[in-house]
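Q: The structure is given below, and queries will be raised subsequently.
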Amino acid sequence: MYGKSKQKDIEEDIRSLQLESADVAEDSNGVVSPDDGKTEVEESINTDQEVEESINAKEDSKPEVQAQTIKTEIKDKEVPPVQDEEDEDMAIKRHLNVVFIGHVDAGKSTTGGQILFLSGQVDERTIQKYEKEAKDKSRESWYMAYIMDTNEEERAKGKTVEVGRAHFETETSRFTILDAPGHKSYVPNMISGASQADIGVLVISARKGEFETGYEKGGQTREHVQLAKTLGVSKLLVVVNKMDDPTVNWSKERYDEIESKMIPFLKQSGYNVKKDVGFLPISGLIGANLKTRMGKSICPWWDGPCLFEALDAIEVPLRDPNGPFRMPILDKFKDMGTVVMGKVESGSVREGDSLLIMPNKDQVKVVAIYIDENRVKRAGPGENLRVRVSGVEEEDISSGFVLSSTANPIPAVTEFVAQLAILELLDNAIFTAGYKAILHVHSVVEECEVIELLHQIDPKTKKPMKKKVLFVKNGAGVVCRIQVSNSICIEKFSDFPQLGRFTLRTEGKTVAVGKVMGF
9 MYGKSKQKDI
19 EEDIRSLQLE
29 SADVAEDSNG
39 VVSPDDGKTE
49 VEESINTDQE
59 VEESINAKED
69 SKPEVQAQTI
79 KTEIKDKEVP
89 PVQDEEDEDM
99 AIKRHLNVVF
109 IGHVDAGKST
119 TGGQILFLSG
129 QVDERTIQKY
139 EKEAKDKSRE
149 SWYMAYIMDT
159 NEEERAKGKT
169 VEVGRAHFET
179 ETSRFTILDA
189 PGHKSYVPNM
199 ISGASQADIG
209 VLVISARKGE
219 FETGYEKGGQ
229 TREHVQLAKT
239 LGVSKLLVVV
249 NKMDDPTVNW
259 SKERYDEIES
269 KMIPFLKQSG
279 YNVKKDVGFL
289 PISGLIGANL
299 KTRMGKSICP
309 WWDGPCLFEA
319 LDAIEVPLRD
329 PNGPFRMPIL
339 DKFKDMGTVV
349 MGKVESGSVR
359 EGDSLLIMPN
369 KDQVKVVAIY
379 IDENRVKRAG
389 PGENLRVRVS
399 GVEEEDISSG
409 FVLSSTANPI
419 PAVTEFVAQL
429 AILELLDNAI
439 FTAGYKAILH
449 VHSVVEECEV
459 IELLHQIDPK
469 TKKPMKKKVL
479 FVKNGAGVVC
489 RIQVSNSICI
499 EKFSDFPQLG
509 RFTLRTEGKT
519 VAVGKVMGF
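Below, the structure is given as structure tokens:
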């Protein structure tokens with residue numbers, strides 16, 4: 009008798025909790041979890057607590073997020089249908105990061121802004137507002153750049169400082185634009201942008217004098233191309249911008265001149281021009297040859313693709329979704345817990361996963377994953393994520409740390425063996441043991457010192473020479489041992505190219521590029 013009444017009480021508890029859950033879900037635009045009502049008592053209580061928390065959480069007012077929050081504690085349940093559709097859509101369309109690089113004032117931000125406008129990411133009213141703002145500053149032609157350059161300093165100077173981020177889609181792909189700064193003072197920011205990219209769009213100004221300035225020694229066109237190649241941007245689209253300028257007027261001669269000067273330099277930088285590089289003429293300001301091909305009335309000699317078609321046609325190597333998880337952290341902030349941002353270089357992540365933040369070995373749990381503004385249950389390689397984690401404080405994380413799998417964590421080292429190509433030493437200095445520089449590897453920026461030169465690389469055979477070497481000069485290849493003051497997370501280039509490439513810079517110049525050979 010007693011057992012029956014106890015069972016009845018429990019059933020009534022379950023029913024009342026389910027009713028409360030349903031009420032809350034109905035308040036949130038009628039989204040109710042399809043599997044509610046099939047849980048155990050403990051899970052129902054957890055569900056109820058989650059519901060109360062979700063009411064207080066301001067961002068959980070979105071219906072699909074709330075439906076998820078209701079079910080956070082209910083294990084082995086399906087994602088709400090809305091989320092499944094989003095995940096399916098994301099699985100169908102590949103995602104690529106495109107970095108816009110090139111000399112200052114080549115038109116990178118303007119071209120990026122025009123792409124967003126043409127793909128429907130920015131409305132007409134916003135454009136009119138920017139047009140008026142630019143006119144008030146007597147900078148009429150800058151209004152498209154304001155879409156990408158959002159802070160006041162950038163708008164006042166007309167120079168990009170931070171790496172701007174924006175998203176657009178074509179029929180087959182989702183793209184994240186990384187608008188890198190062109191000015192030489194902000195090359196470290198450009199490096200952080202290029203290290204996340206799959207494709208590079210090198211913007212060159214066709215305007216008389218501007219191409220020459222960017223291409224000459226010391227111009228950013230050269231340095232950006234070398235850095236892009238080193239940082240793993242294997243495919244490059246060279247867009248010759250400002251073709252509508254009165255000094256150019258869609259001249260085929262000017263376009264051919266630029267192409268003929270760039271090809272030998274691109275080859276020298278390590279690009280296979282036939283396979284990995286494409287050239288096309290555009291006008292970022294008027295949007296010509298970006299989304300749709302130009303009419304013969306504008307440019308009678310061009311019958312190649314427009315920029316969107318060229319981007320869609322690029323094939324990039326597939327990444328392994330089942331590999332060990334690696335996400336270098338670019339940024340972190342507080343938002344209902346600790347949130348880290350970065351690009352997944354390998355493996356996949358799901359809500360509820362336990363991961364390590366290296367090199368500190370902090371064990372964390374994945375609470376939520378966001379791609380752009382959408383909350384998702386899982387994400388694969390190549391995606392830019394914001395991941396909310398529990399188990400670590402925001403102040404204990406620095407950019408350059410890596411979110412990695414617990415079973416196979418990323419190595420954390422203070423010294424490593426590297427193969428270097430010396431590009432340009434300052435004032436013809438010699439490169440020897442004791443040489444100090446700033447190391448840039450994925451999102452790490454760290455002071456380093458060369459502690460030993462091991463071998464020089466024979467330029468003909470590309471193999472180490474047996475003779476012991478004490479110093480090398482410009483243009484040499486060398487295997488050396490490098491030491492850093494703080495522990496950093498890197499991989500061997502042969503295992504993870506993206507986490508094993510680096511550059512050495514000193515006094516604002518890139519002096520060498522290299523790859524990690526071992527520890």
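According to the numbering used here, the sequence shown holds residues 9 to 527 in order.
Ideal placement from N, C-alpha and C gives every residue a C-beta, glycine not left out.
1) Measure the alpha-carbon distance for ASP284 versus SER493 and round it to whole angstroms.
2) In whole angstroms, what separates the C-alpha of ALA387 from that of PRO336?
3) Hey, HIS448 and GLN506 are a contact pair by Cβ (cut 8 angstroms); roughly how many whole angstroms apart?
4) What are the partner residues of MET349, as DSSP defines its beta bridges?
5) Provide the residue span of the beta strand (DSSP E) that contains VAL372, from first to last.
6) Taking DSSP as the reference, what is the three-state secondary structure of GLU432?
7) Which one or two residues does DSSP pair with ALA205 in a beta bridge?
8) Look up ILE438 in the DSSP assignment and say whether it is helix, strand or coil.
9) The beta strand (DSSP E) with ILE496 in it runs from where to where?
10) Would you call the CB atoms of ARG236 and LEU244 closer than 8 angstroms?
11) Take every Cβ of the segment 401 to 408, pair it with every Cβ of the segment 469 to 489, and state whether three or more of those distances are shorter than 8 angstroms.
12) What did DSSP end up calling HIS103 once you bin it into helix, strand or coil?
13) By how many angstroms is the C-alpha of ASN297 removed from the C-alpha of VAL425?
14) By alpha-carbon positions, which one of ILE135, GLU455 and GLU403 ends up nearest to GLU515?
15) Check for me: the alpha helix (DSSP H) holding ILE294 runs from which residue to which?
16) From GLU72 to SER356, what distance separates their C-alpha atoms?
17) Going by Cα to Cα distance, which pick from LYS140, LEU315 and LEU434 is closest to PHE183?
18) What does DSSP give as the partner residues of ALA236 in its beta bridges?
19) Can you grab the Cα-Cα spacing for the pair ASP264 / GLU401, in whole Å?
20) What is the rounded straight-line gap between the Cα of ILE322 and the Cα of MET349?
21) Is LEU363 helix, strand or coil when you go by DSSP?
22) Relative to the alpha-carbon of LEU124, which residue among LYS474, GLY240 and LYS299 has its alpha-carbon at the smallest distance?
23) Can you look up GLY121 in the DSSP assignment and give me helix, strand or coil?
A: Let me lay it out:
1) Here residue 284 corresponds to residue number 276 of the sequence shown, with the count starting at 1. Here residue 493 corresponds to residue number 485 of the sequence shown, with the count starting at 1. One C-alpha to the other measures close to 37 angstroms.
2) If you number the sequence shown from 1, residue 387 lands on position 379. If you number the sequence shown from 1, residue 336 lands on position 328. Between ALA387 and PRO336, the C-alpha separation is close to 15 angstroms.
3) Residue 448 sits at position 440 when you count from the first residue of the sequence shown. Residue 506 sits at position 498 when you count from the first residue of the sequence shown. So it is not a contact: roughly 13 angstroms between Cβ atoms.
4) Position 341 of the sequence shown, counting from 1, holds the residue named residue 349. Per DSSP, ASP339 and ARG394.
5) Counting from 1 along the sequence shown, the entry for residue 372 is found at position 364. Residues 370 to 379.
6) Working through the sequence shown from its first residue, we reach residue 432 at position 424. It is coil, neither helix nor strand.
7) Within the sequence shown, numbered from 1, the residue matching residue 205 stands at position 197. Bridge partners of ALA205: none, in fact.
8) Taking the sequence shown and counting its residues from 1, one reaches residue 438 at position 430. If DSSP states are grouped into helix, strand and coil, ILE438 belongs with coil.
9) Residue mapping note: residue 496 aligns to position 488 of the sequence shown, counting from 1. Start and end: 485 to 497.
10) Taking the sequence shown and counting its residues from 1, one reaches residue 236 at position 228. Taking the sequence shown and counting its residues from 1, one reaches residue 244 at position 236. First, the amino acid is wrong: residue 236 is Ala here, not Arg. Yes.
11) no
12) Counting from one through the sequence shown, the residue named residue 103 turns up at place 95. Strand.
13) Counting from 1 along the sequence shown, the entry for residue 425 is found at position 417. Counting from 1 along the sequence shown, the entry for residue 297 is found at position 289. Each residue's Cα considered, the two are about 46 angstroms apart.
14) To locate residue 515, count along the sequence shown from 1; it is residue 507. Of the listed residues, the one whose Cα sits closest to GLU515 is GLU455.
15) Your numbering for residue 294 matches position 286 in the sequence shown. Segment: none, ILE294 is in no alpha helix (DSSP H) and carries neither H nor E.
16) As a first step, residue 72 must be located in the sequence shown, where it is residue number 64. As a first step, residue 356 must be located in the sequence shown, where it is residue number 348. Confidence is the limiting factor: at GLU72 the pLDDT is only 39, short of 50, which leaves the residue's position unreliable and the question unanswerable from this model.
17) Indexing the sequence shown from 1 puts residue 183 at position 175. Of LYS140, LEU315 and LEU434, the residue nearest in Cα terms is LEU315.
18) The residue you call residue 236 lines up with position 228 of the sequence shown. Per DSSP, none; premise fails for ALA236.
19) Translated into the one-based positions of the sequence shown, residue 264 becomes position 256. Translated into the one-based positions of the sequence shown, residue 401 becomes position 393. ASP264 and GLU401: Cα-Cα distance of roughly 55 angstroms.
20) Against the sequence shown, residue 322 aligns to sequence position 314. Against the sequence shown, residue 349 aligns to sequence position 341. Distance between the alpha carbons of ILE322 and MET349: 26 angstroms.
21) Here residue 363 corresponds to residue number 355 of the sequence shown, with the count starting at 1. Reduced to three states, the DSSP call for LEU363 is strand.
22) For the purposes of this step, residue 124 is taken as residue 116 along the sequence shown, with counting starting at 1. Cα-wise, what sits closest to LEU124 is LYS299.
23) What you label residue 121 is simply residue 113 of the sequence shown in a count that begins at 1. Helix, per DSSP.
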